[in-house]
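Top line first, the protein sequences correspond to chains Y and P. One rule links them: number in the numbering used here = place in the first sequence (from 1) + 8. One rule links them: number in the numbering used here = place in the second sequence (from 1) + 22. Backbone N, C-alpha and C fix where the C-beta goes; we use that ideal spot for every residue, glycine too. Inspection log for the structure reproduced underneath, given as structure tokens.
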Amino acid sequence: MLALLHLVSYWWWLSVNGFGLILKVRSYLRARAGLPPVTVGHGVLNQGHRFLYERELVFLHDVLPKDAVVHDGLQLLDGANGRRHLVDADVAVVAAAPAAASAPTFPAIAPAAPGTALPEPRADVILPTPPQAVRLAPLPTGVPVLPCFGEGLNSIVRRVPISCASRSCLFFLSLSVRCRVPLV
Amino acid sequence: MLCLLTLFWLLFEQALLLEALVSEIRTASTSAEVYPSAVTINAQMLSAAARVMKTSESDTMEKLQQKVMLPVRKPAKGMALVVAHHYLKRVFGHLNGSLTSVAVAAFVKHIHEQKGMGSWSSSSASSTRRVLKLSGDECVELLQEDAFFTDAHGRLAILEALAKLIEEIEGTSSMVTWSGPNKASRVIRCFYGHFANVSFRVCLCFLRCMSTRCACRCAVVVGALLSWQAPARFLLLFYINWTATLRARY
């Protein structure tokens with residue numbers, strides 16, 4: 009009977025106080041052992057959504073065109089760069105900056121910086137690709153957006169609703185480009 | 023008096039830090055620089071604070087780690103001791119939040135015009151402010167197979183959001199050009215990171231809507247909405263005037 013009472017009271021104590029206490033003890037032990045905190049990103053000085061941003065960078069790498077020409081009104085200036093989706097390059101850059109040496113001395117950042125460092129995506133890491141290949145759908149016709157320049161000027165003429173005069177201008181321009189005739 | 027002076031210092035530092043962060047995002051040349059890391063923010067904060075306080079960086083760092091009396095809202099409205107650099111770093115959170123709302127608002131507005139998704143509603147009958155809301159199912163539809171940037175309409179809306187975000191970081195003159203006959207075609211020249219910056223914000227908003235399964239307030243389109251940078255930029259004008267006066271006087 010006494011043992012049962014003991015058990016019930018222990019259960020009650022554990023359910024009311026125990027989990028918080030265990031969490032506190034665990035976090036204390038982890039902090040003393042120099043391990044990263046379990047609750048990453050609490051407080052005011054966390055990494056924000058940087059991790060999501062890095063994930064998006066890796067994901068979009070296979071979707072967006074890998075060249076630096078205009079596609080549907082968007083030109084990615086570093087599109088041809090094979091390392092455009094990697095962010096580990098900035099570690100070296102920031103370490104070289106003079107202020108970086110003094111930055112980790114902030115008390116709130118210093119314990120978090122080595123521990124909460126997110127796993128940097130590397131070139132050899134293969135993410136699970138979506139079951140169907142993601143493809144960019146063609147834009148509807150009549151949208152005033154410049155298509156790929158590789159298709160030549162005819163595609164502009166075809167897609168963009170323009171006046172007759174400018175159409176003929178474009179026609180002569182394309183002729184001069186094709187026949188390599190100087191315009192003036 | 024000293025408390026007020028500290029507050030003014032911090033406000034000027036916030037304005038300078040915001041300016042520095044915006045220009046950092048605008049002039050980024052790699053994907054990593056588009057989303058400033060904690061180290062970058064620390065460095066920018068130190069330089070901004072050193073410029074305002076006119077002290078060396080080591081002195082500034084000591085000062086920033088001290089607690090100062092500042093106005094707070096929690097736990098109660100009033101004054102409290104706050105670590106100075108915590109107060110400064112809130113700028114980045116505010117900037118992030120406003121960039122997200124700008125991108126998502128532009129996206130939802132455009133997708134509403136193109137595909138008729140979302141519905142207008144107002145919070146109360148007497149309120150004149152109307153809010154465009156996407157339902158949870160519409161968010162699921164947009165998220166399926168990443169239709170929000172692979173689908174034709176979704177991609178146009180993302181480009182619109184990208185243009186708005188670039189406008190917000192004041193990069194329109196350098197990154198957006200209008201070409202073609204009658205300047206009808208817009209070409210956005212930006213880095214890969216800028217596109218990812220927009221798409222992950224939109225995706226995040228949709229995921230949030232889906233998880234709550236309720237209509238989300240994705241865009242506040244009609245109604246007075248102060249731009250995030252208005253007060254800070256206003257202060258910056260004062261700062262420039264102030265320093266100019268000081269230089270003229272001494």
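In chain order, HIS93 place their CB closer than 6 Å to the CB of HIS69 of chain Y, counting only its own chain and leaving out the 5 sequence neighbours on each side.
Not flagged as an interface residue toward chain Y: TYR109 of chain P, since no C-beta distance is shorter than 7 Å. Closest in alpha carbon position to VAL209 of chain P, among Y:PRO146, Y:VAL95, Y:LEU144 and Y:ALA76, is Y:ALA76.
Under a criterion of Cβ atoms nearer than 7 Å, the residues of chain P adjacent to VAL78 of chain Y are, in order, VAL209.
Assignment of THR199 of chain P by DSSP, reduced to helix, strand and coil, places it in the strand class. Going by C-alpha positions, LEU154 of chain P is about 43 Å away from CYS25 of chain P. C-alpha of LYS85 of chain P to C-alpha of SER120 of chain P: approximately 29 Å in a straight line. Fewer than three beta-carbon pairs drawn from the region 171–188 of chain P and the region 23–42 of chain P are found closer than 8 Å, and the two stretches are therefore not classed as touching. Under the 7 Å criterion on CB atoms, TYR36 of chain Y is classed as non-interfacial with respect to chain P.
Counting only runs of at least 3 residues, the region 93–143 of chain P fully encloses the following beta strand (DSSP E) elements, listed from N- to C-terminal order: 100–105. The region 195–209 of chain P and the region 159–176 of chain P do not touch, with fewer than 3 CB-CB distances between them shorter than 8 Å. Counting only residues of its own chain and dropping the five nearest sequence neighbours on each side, GLN88 of chain P has a CB closer than 8 Å to the CB of VAL105 and ALA106.
Check the Cα spacing between TYR214 of chain P and each of P:ASN118, P:PRO93 and P:GLU55: the tightest is with P:GLU55. In chain P, no part has a C-beta under 8 Å from the C-beta of ALA88 of chain Y; the shortest such distance is about 10 Å. With a contact defined as Cβ atoms closer than 8 Å, ARG177 of chain P and ASP80 of chain Y qualify at about 7 Å. HIS79 of chain Y has Y:LEU82 as its beta-bridge partners, per DSSP. The beta carbon of VAL95 of chain Y sits closer than 7 Å to some beta carbon of chain P. Our two residues, VAL44 of chain P and GLU189 of chain P, have alpha carbons roughly 11 Å apart in a direct line. By the C-beta criterion, the region 54–68 of chain Y is judged to be in contact with the region 214–231 of chain P, since at least 3 inter-stretch pairs fall below 8 Å. Proximity of chain P to PRO146 of chain Y at the Cβ level (cut-off 7 Å) is accounted for by ALA174, in chain order. Burial state of TYR36 of chain Y is exposed, judged by a 10 Å Cβ sphere holding fewer than 16 other Cβ atoms. Under the three-state reduction of DSSP, SER207 of chain P is assigned to strand. Closest option to ALA72 of chain P, judged by alpha-carbon separation, among P:THR172, P:LEU110, P:LEU117 and P:LYS186: P:LEU110. Per DSSP, reduced to three states, the secondary structure at LYS89 of chain P is strand. For PHE114 of chain P, same chain residues with a beta-carbon under 6 Å away, outside a window of 5 residues either side, are ILE63 in chain order.
Distance from the CA of LEU144 of chain Y to the CA of GLY140 of chain P, rounded to the nearest whole angstrom, comes to 23 Å. Interface with chain P (7 Å Cβ-Cβ cutoff): GLY42 of chain Y is excluded. In this chain, LEU33 of chain P is not harboured by any beta strand (DSSP E); it is covered by the alpha helix (DSSP H) spanning 24–48. Against chain Y, the CB of PHE228 of chain P has no partner CB under 7 Å away; the residue lies outside that interface.
Here ASN219 of chain P is buried. Its C-beta has 16 or more other C-beta atoms within 10 Å. Assigned with DSSP and collapsed to three states, VAL71 of chain Y falls in coil, not helix or strand. Of the residues assessed, LYS186 of chain P falls on the buried side of the cut-off, its CB having 16 or more other CB atoms within 10 angstroms. Within chain P, TYR57, ASN118, THR122, PHE222, ARG223 and LEU226 have C-beta atoms less than 9 Å from the C-beta of HIS57 of chain Y, given in sequence order.
Taking a beta-carbon distance threshold of 7 Å, LEU181 of chain P counts as an interface residue toward chain Y. The C-alpha of ILE133 of chain P lies about 13 Å from the C-alpha of LEU165 of chain P.
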